[in-house]
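No gaps in the numbering here: position 321 of the sequence shown is 321 in UniProt numbering, and each next residue is one more. Where is the CB? At the ideal position from N, CA and C, for every residue including glycine. Note that the structure is a prediction, hence the values are computed from the model and not measured.
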Amino acid sequence: MATLSAYPSPNPNPNFLSSTDQTNQESLPQIQHHASPDGDPNPTPTPNSNPNFHTPLSTPPEAISPAAPQPSLLHLSFNQDHGCFASGIDQGFRIYNCDPFREIFRRDFDSGGGGGGGIGVVEMLFRCNILALVGGGPNPQYPPNKVMIWDDHQSRCIGELSFRSEVRSVRLRRDRIVVVLEQKIFVYNFADLKVLHQIETIANPKGLCAVSQGAGSLVLVCPGLQKGQVRVEHYASKRTKFIMAHDSRIACFALAQDGQLLATASTKGTLVRIFNTVDGTLLQEVRRGADRAEIYSLAFSLNAQWLAVSSDKGTVHVFSLKINAASPGSDRSQSASDPVTSPHSSLSFIRGVLPKYFSSEWSVAQFRLVEGSQYIVAFGHQKNTVVILGIDGSFYRCQFDPVNGGEMTQLEYHNFLKPEAAF
1 MATLSAYPSP NPNPNFLSST DQTNQESLPQ IQHHASPDGD PNPTPTPNSN
51 PNFHTPLSTP PEAISPAAPQ PSLLHLSFNQ DHGCFASGID QGFRIYNCDP
101 FREIFRRDFD SGGGGGGGIG VVEMLFRCNI LALVGGGPNP QYPPNKVMIW
151 DDHQSRCIGE LSFRSEVRSV RLRRDRIVVV LEQKIFVYNF ADLKVLHQIE
201 TIANPKGLCA VSQGAGSLVL VCPGLQKGQV RVEHYASKRT KFIMAHDSRI
251 ACFALAQDGQ LLATASTKGT LVRIFNTVDG TLLQEVRRGA DRAEIYSLAF
301 SLNAQWLAVS SDKGTVHVFS LKINAASPGS DRSQSASDPV TSPHSSLSFI
351 RGVLPKYFSS EWSVAQFRLV EGSQYIVAFG HQKNTVVILG IDGSFYRCQF
401 DPVNGGEMTQ LEYHNFLKPE AAF
């Protein structure tokens, strides 16, 4: 069981990160002082993190510290609407805007006196001042078994969640905090950090978990208790759905914003399957390739018309989803100018004779990267654009042709770990 502590309530600012993209920010969390699970008040003193505080950057970082060495990257993640991304490094964390690309702010922790500074997980809450941090790297700023709730207005932690084992990942919604351990997931109410649900999973070293971000009910997806199985929690209807998605172990999955569609990939990495989360039916299957690959990330476009896939093969693929609206009023139905399906093999006319490989649906568009490097992908806010982040510090923004497909056009490149190259 986790030990919970909280500090005085923060003042969440929905416009903390200025952006032309206006995200609906109602119902932001108000964390309150509370008791620990055993009923005894157990507030933890404010941690003395000694941050070297930087205000949001208006000048290039190289003007601040020209001789600073390139940091070691420990973590990369997009925020909930993919308009920003966060990097955890061996000396703190940094937040970036995607379009236009720029570093918004950074927090460098004082590593003097053995205090560490490494942040292994940094999870944003849209664009507000509340983040979740977990220590990581050789010299972690915080214990890797704690989730620290950071208020950047106060430049300090205002709450924490402690566990008996290392935290693998964290997911945030305006109303929930989801903490993923090796074989267990905890769901908390954001307002008072009270435990609402515990879920047992198969060994989950990657911390796989996805939560819906729509204004409606919460849908949570995590590994089940069997190899190749995913578990879907529908909290509004209090229903649990188990889906046997693959024969091999689950390597990656992603949810559409409203939680109605789920894309999964196994450790084989050749096929990606798209399921209806309500009844578990398989809606579509697309093929990344013929060779085994490690899938690093999957991402739906905002209207769930497209699916992007990144892998260690050095190629990002974009697939067309031929799934009609799953619910009345949804805008997923395709217009006459949109492609109906992903390309098929030229030998698909003899699909009943040749192996399934020859009748597979292939990607509409591709972008070539360095093979073997790790990349995560999301759809940009500009139409038909994809944002790609590399563990080597690379940032790509690309555009694909929704009708003719083929190779994507590179619109932008930066190395966000090298300030002089980013501005």
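- Item | Separation of N129 from R288, as counted between CA atoms | Translated into the one-based positions of the sequence shown, residue 288 becomes position 288. Translated into the one-based positions of the sequence shown, residue 129 becomes position 129. Distance between the alpha carbons of R288 and N129: 38 Å.
- Query: So what does F416 bridge to, in DSSP terms?
  - Reply: Indexing the sequence shown from 1 puts residue 416 at position 416. BP columns for F416 are empty, so no partner.
- Going by other Cβ atoms of all chains shown within 10 Å of its Cβ, with 16 needed for buried, is M124 buried or exposed? Taking the sequence shown and counting its residues from 1, the one referred to as residue 124 is at position 124. Counting Cβ neighbours within 10 Å, M124 comes out buried, since at least 16 surround it.
- Message: Using C-beta distances below 7 Å, list every residue in its chain close to R368, excluding the 5 sequence neighbours before and after it, in chain order.
- Response: If you number the sequence shown from 1, residue 368 lands on position 368. For R368, where only same-chain residues beyond five positions count, the Cβ hits under 7 Å are G314 and T315.
- Limits of the beta strand (DSSP E) - the one that H197 falls within: Looking up residue 197 in the sequence shown gives position 197. First-last of the beta strand (DSSP E) with H197: V195 to E200.
- Pick out the complete beta strand (DSSP E) segments inside the region 65 to 114, 3 residues or longer, and give them in chain order. 73 to 78, 84 to 89, 92 to 97 and 102 to 109
- Item | Distance between N145 and R106 (C-alpha atoms, nearest Å) | Residue 106 sits at position 106 when you count from the first residue of the sequence shown. Residue 145 sits at position 145 when you count from the first residue of the sequence shown. For R106 and N145, the distance between alpha carbons rounds to 23 Å.
- Item | Under 8 Å between C-beta atoms of G259 and S297 | The count along the sequence shown starts at 1 and reaches residue 259 at position 259. The count along the sequence shown starts at 1 and reaches residue 297 at position 297. No, the pair does not count as a contact, with Cβ atoms beyond the cut-off.
- Item | Distance between L161 and N48 (C-alpha atoms, nearest Å) | Mapped onto the sequence shown, residue 48 falls at position 48. Mapped onto the sequence shown, residue 161 falls at position 161. Because the pLDDT at N48 is just 35, under 50, the model does not fix this residue reliably, and the point stays unresolved.
- Task: Could you name the residues that DSSP lists as bridge partners for D312?
- Result: Residue numbering aside, residue 312 sits at position 312 when the sequence shown is read from its first letter. For D312, which the question treats as bridged, DSSP gives no partner whatsoever.
- With DSSP as the reference, label P328 as helix, strand or coil. In the sequence shown, counting from the first residue as 1, residue 328 sits at position 328. Residue placement at P328 is flagged as unreliable, the pLDDT there being 37, under the threshold of 50; the coordinate-derived value follows with that caveat. The answer is coil: DSSP assigns P328 none of H, G, I, E or B.
- Item | Straight-line Cα distance separating E361 from I149 | Along the sequence shown, read from residue 1 onward, the residue named residue 149 stands at position 149. Along the sequence shown, read from residue 1 onward, the residue named residue 361 stands at position 361. Taking the straight line joining both Cα atoms gives about 43 Å.
- Message: Buried or exposed for S165, going by 16 or more other Cβ atoms inside 10 Å?
- Response: For the purposes of this step, residue 165 is identified with residue 165 of the sequence shown, where counting begins at 1. When all chains shown are included, S165 counts as exposed.
- If you draw a straight line from the alpha carbon of C222 to that of K268, how long is it in whole angstroms? Here residue 222 refers to the residue found at position 222 when the sequence shown is read from its first residue. Here residue 268 refers to the residue found at position 268 when the sequence shown is read from its first residue. Rounded to the nearest angstrom, the two C-alpha atoms are 19 Å apart.
- Query: Can you tell me the Cα-Cα spacing of L271 and F93, whole angstroms?
  - Reply: Here residue 271 refers to the residue found at position 271 of the sequence shown. Here residue 93 refers to the residue found at position 93 of the sequence shown. Roughly 34 Å between the two C-alpha positions.
- Message: Once DSSP output is grouped into helix, strand and coil, what is the label at A365?
- Response: Numbered from its first residue, the sequence shown carries residue 365 at position 365. In the structure shown, A365 sits in a strand (DSSP, three-state: E or B).
- Could you give the DSSP three-state label for L354: helix, strand or coil? Indexing the sequence shown from 1 puts residue 354 at position 354. Residue placement at L354 is poorly supported in this model, since its pLDDT is 47, which falls under 50; the coordinates still yield a value, given next. Residue state, collapsed to three classes: coil.
- CB F300 to CB A256, shorter than 8 Å? Working through the sequence shown from its first residue, we reach residue 300 at position 300. Working through the sequence shown from its first residue, we reach residue 256 at position 256. Yes, the Cβ-Cβ distance between F300 and A256 is below 8 Å.
- Task: Could you tell me whether the Cβ atoms of I177 and F190 are closer together than 8 Å?
- Result: Stepping through the sequence shown from its first residue, residue 177 is reached at position 177. Stepping through the sequence shown from its first residue, residue 190 is reached at position 190. Yes, the Cβ-Cβ distance between I177 and F190 is below 8 Å.
- Query: When the Cα atoms are used, what is the spatial distance from F253 to A210?
  - Reply: Walking along the sequence shown from the start, residue 253 turns up at place 253. Walking along the sequence shown from the start, residue 210 turns up at place 210. Straight-line Cα distance between these residues: approximately 8 Å.
- Return the bridge partner residues of M124 from the DSSP annotation. The residue given as residue 124 occupies position 124 in the sequence shown. Paired residues: L131.
- Taking only the alpha-carbon atoms, compute the straight-line gap between M408 and P402 and give it to the nearest angstrom. The count along the sequence shown starts at 1 and reaches residue 408 at position 408. The count along the sequence shown starts at 1 and reaches residue 402 at position 402. Answer to the nearest angstrom: the Cα atoms are 10 Å apart.
- Assuming G380 contacts C84 (C-beta within less than 8 Å), just tell me the rounded distance between them. As a first step, residue 380 is located in the sequence shown; it is residue number 380 there, counting from the start. As a first step, residue 84 is located in the sequence shown; it is residue number 84 there, counting from the start. About 12 Å; that fails the 8 Å criterion.
- In this structure, does DSSP put Y396 in helix, strand or coil? The sequence position of residue 396 within the sequence shown is 396, counting from 1. Reduced to three states, the DSSP call for Y396 is strand.
- At which residues does the beta strand (DSSP E) containing K322 begin and terminate? Along the sequence shown, one-based indexing puts residue 322 at 322. First-last for K322: undefined, no H or E at that position.
- Message: Quick check on DSSP: helix, strand or coil for L218?
- Response: By 1-based counting over the sequence shown, the position of residue 218 is 218. Three-state result, L218: coil.
- Beta-bridge pairing of P402 - partner residues as DSSP gives them: Within the sequence shown, residue 402 is the residue found at index 402, counting from 1. DSSP output for P402 lists no bridge partner at all.
- Item | Spatial distance of Q183 from R249 (CA atoms) | Counting from 1 along the sequence shown, the entry for residue 183 is found at position 183. Counting from 1 along the sequence shown, the entry for residue 249 is found at position 249. Using only the alpha carbons, I get a separation of about 15 Å.
- beta strand (DSSP E) segments (min. 3 residues) lying fully within the region 247 to 295: 250 to 255, 261 to 266, 271 to 276 and 282 to 287
- Query: Would A265 be called buried (16 or more neighbouring beta carbons within 10 Å of its own) or exposed?
  - Reply: As a first step, residue 265 is located in the sequence shown; it is residue number 265 there, counting from the start. By the 10 Å Cβ count, A265 comes out buried.
- Query: Under a three-way DSSP split, which group does N189 fall into?
  - Reply: Working through the sequence shown from its first residue, we reach residue 189 at position 189. DSSP places N189 in strand when its eight states are reduced to three.
- Message: Judging by CA-CA distance, which residue of V370, V364 and I391 is the nearest neighbour of residue 425?
- Response: For residue 425 there is no data in the structure shown, the boundaries of the chain being 1 and 423.
- Query: Taking C-alpha atoms, which residue in D291, L193 and A378 lies nearest to A304?
  - Reply: Here residue 304 refers to the residue found at position 304 when the sequence shown is read from its first residue. When each option's Cα is compared against that of A304, the closest is A378.
- Query: Nearest-angstrom Cα distance between Q366 and F275?
  - Reply: Within the sequence shown, residue 366 is the residue found at index 366, counting from 1. Within the sequence shown, residue 275 is the residue found at index 275, counting from 1. Between Q366 and F275, the C-alpha separation is close to 23 Å.
- Message: Judging by CA-CA distance, which residue of R173, T281 and G224 is the nearest neighbour of I323?
- Response: The count along the sequence shown starts at 1 and reaches residue 323 at position 323. Comparing Cα positions, the closest option is T281.
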